[in-house]
Each structure stands twice: as structure tokens, then as C-alpha cells.
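Data block below; observations after.
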Amino acid sequence: MVSGVSVVTTTYCEAGYVGGFVRAVKRVLKGLPHEVVVVDDSSPDGTYEVARRVADVAVRKRREGQTKGLLVGIELARYPVVVTMDVDLENPPNLVPELLRVFTEGGYGVLVACRAEIPRASEKLASIALSRVLGVRDIYSNFRVYRKECVEGGELRLGETFGGELLLIARSRGCRIGEYLYRPPPRRERPRVGGRLTANLRVLAATAKLLYGLLTTYR
Ligand SMILES: Nc1nc2c(ncn2[C@@H]2O[C@H](COP(=O)(O)OP(=O)(O)O)[C@@H](O)[C@H]2O)c(=O)[nH]1
Ligand SMILES: [Mg+2]
């Protein structure tokens, strides 16, 4: 097992979720040295103020998106093993110990917890286009365990890819990427990435960027 773990989440307008998230994670990890890091993109709803009270580390920065937030959080982590999670509890905290066990036993650089049923059409398409190269079927799941060295100091060149570029960076460093399948709880109604059409378009754009990246910088 790992000797400690940093849990990183990124937030934009999540004042209603961040407290419950931190409490749930801390309850699950109470037997293990850990910290919870929240990276907030200057949410106007007071998310940072809540995070500062409940999290071990809270960062407020300008709005740069989820991928950048994840990288900033991983780089701040004090433990060499980092779990990234969405704040909205769609990534069940009680799976974290099992993920850490599989991560350690499998000798992975990155382990991605993949949803057994991928909900968005655009994410299914990304899976078809990219899963063979990246070794995971749920490209945009940010429920992941990282060895910090697999991404830290990495340069994001593709803009917002909802965490996808972090897999390209890890792959380019020869880190072993693995997947773990899980059944997620029902999705929340109003995700921050946008409604059905907006979210699908943004995911399609991210997938195009990742394919371009694989043909150029990350070949
Ligand atoms: N820092 C930051 N976090 C974001 C941004 N957009 C989404 N997130 C976070 O990313 C996670 C997943 O977002 P969500 O909208 O639930 O995506 P979905 O689960 O794919 O529908 C949540 O923790 C969000 O708060 C952003 O622009 N900046
Ligand atoms: Mg969500």
C-alpha cells in the first residue's frame, strides 16, 4: 500500500459540493496520511472561501480550466501518489482504497477509474478514437491515481482537454497507464462543463486536439 496520498479536485462554482466532498474523502482515508487539495478557478459563488475552511490546501487562481487546475493541484501535492477526483461525488470516495491497491500492485504510472457505461455520445466517440493508443476506455474520467512524476512539470499545449492531455504527457514519459472499471452513481443535472449540446461539442473539440497532439508533439 502507499504511505500517504494527496487527493486533488478542481472546482468552478461548487460551493454546494466542496464541503461534502472533503468530508467524504477524509472519512474514507482516515487510516492513511493524506491531504485534500482544492484548486478553484476564482468561482464567483464563494467556493474558495468554503475550500479554505475545509480543505488542507486551497488555491485560488484565474480561470484556466479543468486540465490546468488538475496539473496545478498535482504539482502542489506533498505525496508522490495523487488521486484526482471530480468534486460532485460522481467519483465515489469509497473506491479510493481499492484504486490505490490496484495502482500499487499493478505498478502503474497512471490508473484511470473508467465508467463501465460512458454516458455522452462524444465521450463514446473519443473512446473509439483513442482508447487503443492510451490504454483506457474512459479518456475523460478524471478519477485517476497518478505517480506525481508522470505529469509534474509538464507543459500543456492543447488548451482544455478535460484531463486528456495529462494522459499524453504520462504516456510520453513511458509511464504505464491502466484502467479500473466501476459503476458510477447517477449523474448530476447541471454539470459545469455545460448542458448536453455544449458539453458534447467541447468534448469533441478536446478529442480533435488530442488526436492532433498524438500526430505532432506527442508522436
Ligand atoms: N478549476 C476548474 N474546474 C472545473 C472547471 N470546469 C469544471 N471543473 C470541475 O471539474 C469537475 C467535473 O466537472 P463536471 O461539470 O461535473 O463534468 P462532468 O462530470 O463531465 O459532467 C468538477 O469538479 C468541476 O467543478 C473549470 O473551468 N475550472
Ligand atoms: Mg460531474
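Each residue of the sequence shown is one higher than the one before, counting from 14 in our numbering.
All C-beta atoms, glycine included, are put in the ideal place defined by N, C-alpha and C.
Every value quoted in this text rests on a predicted model; they were computed, and no experiment measured them.
### Task
Alpha carbon to alpha carbon, how far is Pro204 from Leu210? Give it in angstroms, no decimals.
12 Å
### Query
Going straight from the alpha carbon of Asp47 to that of Gly29, what length do you get?
Contrary to the premise, residue 47 reads as His rather than Asp in this sequence. Rounded to whole angstroms, His47 to Gly29 spans 23 Å at the Cα level.
### Message
Looking at the strands, I want to know which residues DSSP matches up with Gly191.
### Response
Leu124
### Query
Do you know how far the Cα of Lys39 is from the Cα of Gly33?
10 Å
### Message
Which residues neighbour ligand 2 when neighbourhood means a C-beta less than 7 Å away from any of its non-hydrogen atoms? List them by chain order.
### Response
Asp99, Asp101, Glu103, Arg200, Arg201 and Pro204
### Task
Could you name each continuous beta strand (DSSP E) segment of 3 residues or more that falls completely within the region 66-94, going from the start of the chain to the end?
70-73
### Query
What first and last residue would you give for the alpha helix (DSSP H) that runs through Thr174?
Careful: Thr174 lies outside any alpha helix (DSSP H) and carries neither H nor E.
#### Entry: Expected contact under 8 Å - CB spacing of Leu124 and Val158 to nearest Å
4 Å
### Message
For a test of the three-state rule: what should DSSP assign to Tyr159, helix, strand or coil?
### Response
strand
### Endpoints, alpha helix (DSSP H) assigned at Glu111
Val109 to Gly119
### Query
Who are the near neighbours of Gly86 in its chain, counting only those whose CB is closer than 6 Å to its CB and skipping five residues on each side?
Val21, Val50 and Val52
### Query
Is Tyr29 near ligand 1, in the sense that its beta carbon is under 6 Å from a heavy atom of that ligand?
The identity of residue 29 in the sequence shown is Gly, whereas the question assumes Tyr. No, the beta carbon of Gly29 sits no closer than 6 Å to any heavy atom of ligand 1.
### Range of the contiguous alpha helix (DSSP H) that encloses Val216
Arg209 to Leu228
### Message
Can you look up Ser154 in the DSSP assignment and give me helix, strand or coil?
### Response
coil
### Message
If you reduce the DSSP assignment to three classes, tell me which class Ser16 lands in.
### Response
coil
### Task
Would you please state the rounded distance, in angstroms, between the beta carbons of Arg170 and Thr230? I believe it to be under 8 Å.
6 Å
### Message
Quick check: the region 188-201 against the region 97-114, are at least 3 beta-carbon pairs closer than 8 Å?
### Response
yes
### Message
Using a 10 Å radius around the Cβ and a threshold of 16 neighbouring Cβ atoms, would you call Asn107 buried or exposed?
### Response
exposed
### Task
Look at the alpha carbon of Ser6 and the alpha carbon of Leu224, and state the distance between them as a whole number of angstroms.
One cannot answer for residue 6 here, as it falls past the ends of the chain, which runs 14 to 232.
#### Entry: Boundaries of the alpha helix (DSSP H) in which Glu136 is found, first to last residue
Ala134 to Leu147
### Task
Say yes only if the C-beta of Tyr195 is nearer than 6 Å to one or more non-hydrogen atoms of ligand 1, and no if none qualify.
no
### Task
Consider the C-beta atom of Gly82 and the heavy atoms of ligand 1; say whether any pair is separated by less than 6 Å.
yes
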